[in-house]
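See below for the structure under consideration.
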Amino acid sequence: MNISQLTALSIWMGLFHVNLVILLVELYFLPHPGAFACLFIHILLGFWPRITFPRWGESLAGWVVTVAHDYFPLTMQCEDENAFKADKPYIIGLEPHAVLPVAICGFAEGGNILPAELNKKGRKIGHSSGAIFHVPLVRHLWSWLGLRSVSRSEMSKHLKKNRACILVPGGVQEIMYLDKEVETIFLRKRTGFVKLALQHGAPLVPAFAFGLHKTYSWASLLPQSVMLKLSRFMGFAPLAFWGVCGGPLPQQHPIHIVLGKPIEVPTVAEPSKDEVQKYLDVFITAMEDIFEKNKDKMPDCPQKLKIL
Numbered sequence: 001m002n003i004s005q006l007t008a009l010s011i012w013m014g015l016f017h018v019n020l021v022i023l024l025v026e027l028y029f030l031p032h033p034g035a036f037a038c039l040f041i042h043i044l045l046g047f048w049p050r051i052t053f054p055r056w057g058e059s060l061a062g063w064v065v066t067v068a069h070d071y072f073p074l075t076m077q078c079e080d081e082n083a084f085k086a087d088k089p090y091i092i093g094l095e096p097h098a099v100l101p102v103a104i105c106g107f108a109e110g111g112n113i114l115p116a117e118l119n120k121k122g123r124k125i126g127h128s129s130g131a132i133f134h135v136p137l138v139r140h141l142w143s144w145l146g147l148r149s150v151s152r153s154e155m156s157k158h159l160k161k162n163r164a165c166i167l168v169p170g171g172v173q174e175i176m177y178l179d180k181e182v183e184t185i186f187l188r189k190r191t192g193f194v195k196l197a198l199q200h201g202a203p204l205v206p207a208f209a210f211g212l213h214k215t216y217s218w219a220s221l222l223p224q225s226v227m228l229k230l231s232r233f234m235g236f237a238p239l240a241f242w243g244v245c246g247g248p249l250p251q252q253h254p255i256h257i258v259l260g261k262p263i264e265v266p267t268v269a270e271p272s273k274d275e276v277q278k279y280l281d282v283f284i285t286a287m288e289d290i291f292e293k294n295k296d297k298m299p300d301c302p303q304k305l306k307i308l
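Pasting the structure below:
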């Protein structure tokens, strides 16, 4: 890892741990008035100042993305690059979540591995847990990277503007099933993103990232049932994980994203459960096909896929 990579990755992933260290120091010195003041300011920074998009901020984010792509390295294979049209919204379901879904940086502003139509500035929006956007400093950087909250209202706003919305439908619940031998993704009950696609007539696009399991090591701190409840409440899972030298930076391991063909869907204002289930099943089948066709290209990755 060179100095440029160390700096960029520290800005991207290290800010979470910086916030944690600051919080622990503040709590340690309570009830000292100075600690109360620092804690108040720290919490305030999770909501203020409002997020703006200065040129230097977007340039910083673009540099972080470029360095991250070269670091892993991160590559992308598109099954049909010409299938993406300028006048259509898309919902791209990226799997798996893994410890941290670092593959989403493949869709961030500043990258150059996407199909030409999706690589235009402002054409795509990544969506992450809303909890991220209340972490001081992180919320600004991730917004500059082209990420927004994964809420239904936020996604609808961008789909109406014919943008491509990227999310990890399995979410943090997949962390409960982390396994070094089996790639487990949580999709069978994830109907919300399919319903949203039908309401906006947005084709569903399956995408699978191979190699994520090697970016971090992990250890569960609590029973699975407790972790599940906490992850639903907090928006992230209480999991011990570590990367380079036991720190927050991800290990250097190739990540290969396969972007599937868009699955056309009709526009249905109020889709029935059967309609939603029909297209969810098609999406799951497409995800399975991507995995089976490409798993041999990454022989050190899990060779079995389990979909819950």
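Using full-length UniProt numbering, the final residue of the sequence shown is 308, and nothing's skipped along the way. Where a beta carbon is used, it is the ideal one built from N, C-alpha and C, also for glycine. Quick caveat, the model's predicted, so the values are computed rather than measured.
Ends of the alpha helix (DSSP H) at residue i?
i: Ala-35; result: 33 to 44
i: Trp-63; result: 55 to 71
i: Leu-141; result: 138 to 144
i: Trp-48; result: Element bounds for Trp-48: n/a, residue is neither H nor E.
i: Glu-26; result: 3 to 28
i: Leu-280; result: 273 to 294
Given that a residue counts as buried once 16 or more other Cβ atoms are within 10 Å of its Cβ, and exposed if not, what is residue i?
i: Tyr-216; result: buried
i: residue 382; result: Outside the displayed span of the chain (1 to 308) sits residue 382, for which this structure offers no information.
i: Arg-50; result: exposed
i: Glu-26; result: buried
i: Pro-169; result: buried
i: Ile-166; result: buried
i: Pro-73; result: exposed
i: Leu-9; result: buried
i: Phe-36; result: exposed
i: His-32; result: exposed
i: Ala-269; result: exposed
i: Val-65; result: buried
i: Ala-240; result: exposed
i: Ala-202; result: buried
i: Leu-147; result: buried
i: Gly-34; result: exposed
i: Leu-204; result: buried
i: Glu-183; result: buried
i: Pro-136; result: buried
i: Ser-56; result: Looking at the sequence provided, one finds Trp at residue 56 rather than Ser. Per the 10 Å Cβ criterion, exposed.
i: Cys-105; result: buried
i: Ala-209; result: buried
i: Phe-40; result: exposed
Any idea which residues DSSP pairs residue i with across the strands?
i: Ile-255; result: Leu-74
i: Ile-91; result: Cys-165, Leu-204
i: Val-220; result: Before going on, a small fix: residue 220 reads as Ser here, not Val. Paired residue(s): Leu-239.
i: Leu-305; result: Glu-183
i: residue 365; result: Residue 365 falls outside the range modelled here, since the chain spans only 1 to 308, and no answer is possible.
From residue i to residue j, what distance separates their C-alpha atoms?
i: Ile-307; j: Gln-224; result: 18 Å
i: Met-298; j: Ile-113; result: 19 Å
i: Lys-295; j: Val-258; result: 10 Å
i: Ser-128; j: Phe-16; result: 15 Å
i: Leu-222; j: Lys-161; result: 42 Å
i: Met-13; j: Leu-249; result: 6 Å
i: Ala-164; j: Asn-82; result: 15 Å
i: Gln-173; j: Pro-254; result: 24 Å
i: Asp-274; j: Lys-195; result: 11 Å
i: Asp-289; j: Leu-20; result: 40 Å
i: Leu-198; j: Asn-2; result: 46 Å
i: Ile-43; j: Gly-93; result: 32 Å
i: Leu-30; j: Gly-243; result: 31 Å
i: Cys-78; j: Leu-305; result: 20 Å
i: residue 317; j: Phe-193; result: Here the chain covers residues 1 to 308 and nothing more, so residue 317 does not appear.
i: Glu-108; j: Leu-24; result: The sequence shown places Ala at residue 108, rather than the Glu named in the question. Near 31 Å, if we compare the C-alpha coordinates of Leu-24 and Ala-108.
i: Tyr-279; j: Thr-191; result: 9 Å
i: Lys-124; j: Tyr-28; result: 42 Å
i: Lys-157; j: Pro-262; result: 21 Å
i: Arg-188; j: Phe-283; result: 10 Å
i: Leu-100; j: Pro-89; result: 26 Å
i: Gly-110; j: Ser-220; result: 34 Å
Could you tell me the boundaries of the beta strand (DSSP E) in which residue i lies?
i: Gly-126; result: 124 to 128
Distance cutoff 9 Å, beta carbons only. Does residue i sit that close to anything in chain B?
i: Val-25; result: Going by chain labels, chain B is absent from the structure shown, which holds only one protein chain.
Residue ranges of each alpha helix (DSSP H) within the region 148 to 216, 4 or longer
152 to 159, 192 to 200
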